[in-house]
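The next block holds one structure in the form of structure tokens; read it before the comments.
Here it is in structure tokens:
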């Protein structure tokens, strides 16, 4: 029996203490025998992936996430049903983040992975009839009763077809249809399952650019950040028409949807970014822990110091920075890399121009004297 890919999707509520800051989506992802919740980096850091500015209107950063996961209940080899349970997972312990990020700091990869040890119990929050919240513990994977009943979770690899070849993406082309499974504006069906929104591939996944993402055309909404992007066919056909499993639904996971490009209004064509699934593999394999969100954004003095340290000594460099865009953008790239992406590129660009104008002014004054 084919598994439902919706059961691998996770609803996320990012919190500071008991205060909800934002909502998003994630996916249960297995790698090297371990389970992770893969989502957008900005969901967990609470910062915009490009500008580094706080996302929350109260300027707070999340320290926990409530991950509502679909748990399967089995007894004697028979599945009795699925229940969505809200597990509370810390995002930091002793002021140290628990989630993993990509080793490439700039351009920032807007994907992160939360280790989810399914073999230990977690606190869950359940609504009770009087409107209150009852807190208890639950084991995501393992025995949950004396009579042999067990709980388990299903990762996207459990669901997707065995023929998928994520390293080469031979089955994904410009104009192909995809589905983004998520929680737009925290909406779900009656059972808490994600909504499926259709998307179209808008840029080539095979283009081989430095950053591992492609673009899709999709009317996305808040709450879909971190949502999995899949190919899905009920009859077992790939998008190029080749029959793989006739009569059996097939799923191929392609990556993580993170954000819209630009600030399109509701009536404009909406283009969004999808990071390829290989980004998740690289994050998990490298095991690089996140930095504390409070200290991520560089101070103005630090930015200016890096600009000064990186400044070229040739006489015409300041003039190039003012007059020519290409060398200015190249220098901006080197400064952003030195800052590990901890600043708004627009702000750094303006500071480079200011520094160049100051140096040109000082040179003119020196020549005049």
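Residue numbers (our numbering): 201 to 569. Beta carbons: idealized from backbone N, C-alpha and C, even for Gly.
Residue i - partner residues in DSSP beta bridges
i, result
"residue 352", "272"
"residue 417", "400, 471"
"residue 229", "236"
"residue 390", "Residue 390 pairs with nothing; no bridge assigned."
"residue 345", "DSSP, once it has assigned bridges, lists no residue as partnering residue 345."
"residue 521", "DSSP, once it has assigned bridges, lists no residue as partnering residue 521."
"residue 294", "BP columns for residue 294 are empty, so no partner."
"residue 448", "According to DSSP, residue 448 bridges with nothing at all."
"residue 432", "451"
"residue 335", "325"
"residue 535", "Beta-bridge pairing links residue 535 to no other residue."
"residue 313", "238, 300"
Residue i burial status per 10 Å Cβ neighbour count (16 or more: buried)
i, result
"residue 207", "buried"
"residue 326", "exposed"
"residue 473", "buried"
"residue 258", "exposed"
"residue 454", "buried"
"residue 460", "buried"
"residue 435", "exposed"
"residue 336", "exposed"
"residue 222", "buried"
"residue 462", "exposed"
Close Cβ partners of residue i (< 6 Å) along its chain, the five nearest in sequence each way excluded
i, result
"residue 283", "271"
"residue 486", "303"
"residue 392", "284"
"residue 549", "532"
"residue 308", "249, 541"
"residue 490", "297, 299, 301"
"residue 261", "246, 493"
"residue 560", "518"
Whole-number beta carbon distance between residue j and residue i, since they are thought to touch under 8 Å
i, j, result
"residue 273", "residue 280", "5 Å"
"residue 241", "residue 301", "6 Å"
"residue 521", "residue 553", "7 Å"
Three-state class that DSSP yields for residue i in the structure shown
i, result
"residue 476", "strand"
"residue 220", "strand"
"residue 453", "strand"
"residue 207", "helix"
"residue 241", "helix"
"residue 545", "helix"
"residue 255", "coil"
"residue 493", "helix"
"residue 460", "strand"
"residue 427", "strand"
"residue 508", "helix"
"residue 281", "strand"
"residue 340", "coil"
"residue 382", "strand"
"residue 308", "coil"
"residue 377", "strand"
"residue 265", "strand"
"residue 301", "strand"
"residue 526", "helix"
"residue 561", "helix"
"residue 488", "strand"
Residues near residue i in its chain [Cβ-Cβ closer than 7 Å; skip 5 each side]
i, result
"residue 305", "540, 541"
"residue 342", "319, 350, 351"
"residue 503", "539, 543, 548, 551"
"residue 481", "231"
"residue 238", "226, 227, 229, 311, 313, 456, 480"
"residue 255", "222, 242, 246, 247, 248"
Cβ-based neighbour list, residue i, same chain, cut-off 8 Å, excluding 5 preceding and 5 following
i, result
"residue 488", "300, 301, 302, 303"
"residue 424", "224, 225, 380, 382, 383, 384, 397, 457"
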